[in-house]
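Novice: Heads up, the sequence shown is in the UniProt record's numbering, so the first residue is 1 and it goes up one at a time.
Dumping the structure here so I can ask a few things about it.
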Amino acid sequence: MNLISPSEKDFITKGIESDLRNDGRTRIAYRDFIIETGIVSQASGSCRLRLSKTDVLIGVKVEIGDIVSNTTSDNNNEQEQDIVNSQSENDKGRIVCSVECSPSASRDFEGRGANDINNELSQIMNRVLNGPQGGIDLKSLCIIPGAQCWVIYVDVLVLDYDGNLLDTIFLATRAALQNTRIPKVEIQDIGNGQLEFEISDDIEDAEKIKGWEDVPVTVTLNKIGQKYIIDATAMEELCTDTKIIIAVNKSGEICAMQKSLYGSLNPSLLTEMIRTAKDIGKVLIKNIDTTLEHEQVMASRANNKKFGFFI
Numbered sequence: 001m002n003l004i005s006p007s008e009k010d011f012i013t014k015g016i017e018s019d020l021r022n023d024g025r026t027r028i029a030y031r032d033f034i035i036e037t038g039i040v041s042q043a044s045g046s047c048r049l050r051l052s053k054t055d056v057l058i059g060v061k062v063e064i065g066d067i068v069s070n071t072t073s074d075n076n077n078e079q080e081q082d083i084v085n086s087q088s089e090n091d092k093g094r095i096v097c098s099v100e101c102s103p104s105a106s107r108d109f110e111g112r113g114a115n116d117i118n119n120e121l122s123q124i125m126n127r128v129l130n131g132p133q134g135g136i137d138l139k140s141l142c143i144i145p146g147a148q149c150w151v152i153y154v155d156v157l158v159l160d161y162d163g164n165l166l167d168t169i170f171l172a173t174r175a176a177l178q179n180t181r182i183p184k185v186e187i188q189d190i191g192n193g194q195l196e197f198e199i200s201d202d203i204e205d206a207e208k209i210k211g212w213e214d215v216p217v218t219v220t221l222n223k224i225g226q227k228y229i230i231d232a233t234a235m236e237e238l239c240t241d242t243k244i245i246i247a248v249n250k251s252g253e254i255c256a257m258q259k260s261l262y263g264s265l266n267p268s269l270l271t272e273m274i275r276t277a278k279d280i281g282k283v284l285i286k287n288i289d290t291t292l293e294h295e296q297v298m299a300s301r302a303n304n305k306k307f308g309f310f311i
C-alpha cells in the first residue's frame, strides 16, 4: 500500500477543515472528466471515462444464456452465485460484472491485493445492478421463460488510478449501458408448447436496454478529520478515517449504501452526508445524460466520428 507521512496527512486534513483542498477544490466539488462511448468495435456497448488520472474502460457484451435459479445452479463462482441467489423468478435475465485493475495503474493493484480489490468491486457492481433498485428491467431480458435469456456482461478495465475508483466505474457503466444495443428477437410457437426464436441481424432493429436510465451512480463520501469530501484523490483516500458509498438514481432515491473502514460517524453528520450524496448524484446523472445526448448528435452529424467531452 502507498504510504503517507504524518506531516502530509496533517496538511491535507487542515486544508479540508478550511474547505480548501490540495488541487484548489472545495469539499463537495467534483473534478472534470472526459467521456467517450462506442469506442470498442467488437462490444455491444462501451465507454471510456477519465477522471483526472483515474482512467476506466468498460465493454458491454450481450449474449444468450440459460436462465438459472438457486435450485438448479451448480455454479461454484461466488459472484455468479450471488446473482443467482437474488433471482428466484424464471423469467429474468441477469447482469454479470467483472472488474480488473491493471497492475500498471497503481502499486495497490499488484500481487494478491489486486484480487481482493477486483472481487470487492465486482461484487458491489453485481449486487447493485442485479438488485431490486438496479434500474435495468431484468424481465425484459427474458427470451423464453425458464429456458433462455439475454445475459449482459459488463467488463471493467482500470487503466490508471488517482482516487474515487468506484464512482468512476459506475458513471462509466451507466454510459456504456446507454450505448448498448440488444438485437431484436422474434419468437415462434412450433407446437406442443415449444417455442423457438430467431435473432435479427439488422443493426437498425437493435434496441436500447430497458431501464438503463434508472441505473444508479455511486457517490463516495470520505470522512477526513471532522469533515467529509467527495471525489477524493489517492492522497486524500490515505487520510480517510471512514467512508460511505451511496448509490443514487436520477430521482435522488437511495438504491444502496455501504460503510467502509473503521472510523465512526456522528448520526447528524451521517444525515448530512446522505443528503449531500443525493444532491450530487442527481447532478452527476443529469450532466452525464445531457453530455451523452450531445455526443450522439455530434457523432450523427460527423458520420459517427467519436468525440470526447469534458464534464
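Note that CB positions come from ideal geometry on N, CA and C, so glycine has one too.
All values reported here derive from a predicted model rather than from experimental measurement.
Taking a contact to mean a Cβ-Cβ separation below 8 Å, would you say I95 touches V154 in this structure?
Specialist: yes
Novice: Excluding the five sequence neighbours on either side, which residues of its own chain have a C-beta within less than 7 Å of the C-beta of S86, listed in chain order?
Specialist: Annotation note: pLDDT 49 at S86 (below 50); position unreliable, coordinate value reported separately. Answer for S86: N130 and G131, listed in chain order.
Novice: Of the choices S264, G252, Q226 and T220, whose alpha-carbon is the least far from that of I245?
Specialist: T220
Novice: Let me check one thing: in DSSP terms, what residues is W150 bridge-paired to?
Specialist: I64
Novice: Mapping DSSP to helix, strand and coil, what is S41?
Specialist: If DSSP states are grouped into helix, strand and coil, S41 belongs with coil.
Novice: Flag this pair as touching only if the region 208–225 and the region 134–144 have three or more C-beta atom pairs under 8 Å; answer yes or no.
Specialist: yes
Novice: Tell me whether the region 189–206 and the region 254–270 touch, counting them as touching only if at least three CB pairs, one residue from each stretch, are closer than 8 Å.
Specialist: no
Novice: In or out: D116 buried (at least 16 other Cβ within 10 Å) or exposed?
Specialist: exposed
Novice: Nearest-angstrom Cα distance between N164 and I230?
Specialist: 8 Å
Novice: What does S260 pair with, by DSSP beta-bridge criteria?
Specialist: K243
Novice: Can you confirm whether G134, when its beta carbon is compared against all beta carbons of chain B, has any partner nearer than 8 Å?
Specialist: Considering every chain present, this structure includes no chain B. It has just one protein chain.
Novice: Check whether the region 137–152 touches the region 106–113, taking contact to mean three or more Cβ pairs, one atom from each stretch, closer than 8 Å.
Specialist: no
Novice: Determine the contact status of A34 and C239, defining contact as a CB-CB distance below 8 Å.
Specialist: This sequence places Ile at residue 34; Ala is not what is there. Contact flag unset, no.
Novice: Going by DSSP in three states, E207 sits in which element: helix, strand or coil?
Specialist: strand
Novice: Below 6 Å CB to CB, which residues in the same chain sit around I199 once its five sequence neighbours on both sides are set aside?
Specialist: P183 and V185
Novice: So, are the CB atoms of K278 and V248 less than 8 Å apart?
Specialist: yes
Novice: Alpha carbon to alpha carbon, what distance is there between L177 and S98?
Specialist: S98 and L177 have their C-alpha atoms roughly 15 Å apart.
Novice: Is the CB-CB distance between K9 and D160 below 8 Å?
Specialist: no
Novice: Once the 5 residues before and after C255 are set aside, which same chain residues still bring their CB inside 6 Å of it?
Specialist: Q133, P216, A247 and N249
Novice: In or out: L3 buried (at least 16 other Cβ within 10 Å) or exposed?
Specialist: exposed
Novice: Return yes when the Cβ of A43 is within less than 8 Å of the Cβ of G65, no when it is not.
Specialist: For G65 and A43, no; Cβs fall outside 8 Å.
Novice: Would you mind listing the beta strand (DSSP E) stretches within the region 170–206 that are 3+ residues and don't spill past its ends, in chain order?
Specialist: Segments of the beta strand (DSSP E) lying fully in the region 170–206: 185–191 and 194–199.
Novice: In terms of residue numbering, what span does the beta strand (DSSP E) encompassing V219 cover?
Specialist: V217 to I224
Novice: Going by C-alpha to C-alpha distance, which of D167, Q148, T271 and P145 sits closest to L49?
Specialist: D167
Novice: My assumption, with CB atoms under 8 Å, is that L121 sits in contact with L284. Please give the rounded CB distance.
Specialist: Not confirmed; about 19 Å, so no contact.
Novice: Would R112 be called buried (16 or more neighbouring beta carbons within 10 Å of its own) or exposed?
Specialist: exposed
Novice: So, is E207 buried or exposed, given that buried needs 16 or more other C-beta atoms within 10 angstroms?
Specialist: exposed
Novice: Could you pull out every residue in the same chain whose Cβ sits closer than 6 Å to the Cβ of I187, ignoring the five residues on either side in sequence?
Specialist: Cβ neighbours of I187 beyond the five flanking positions: L195 and F197.
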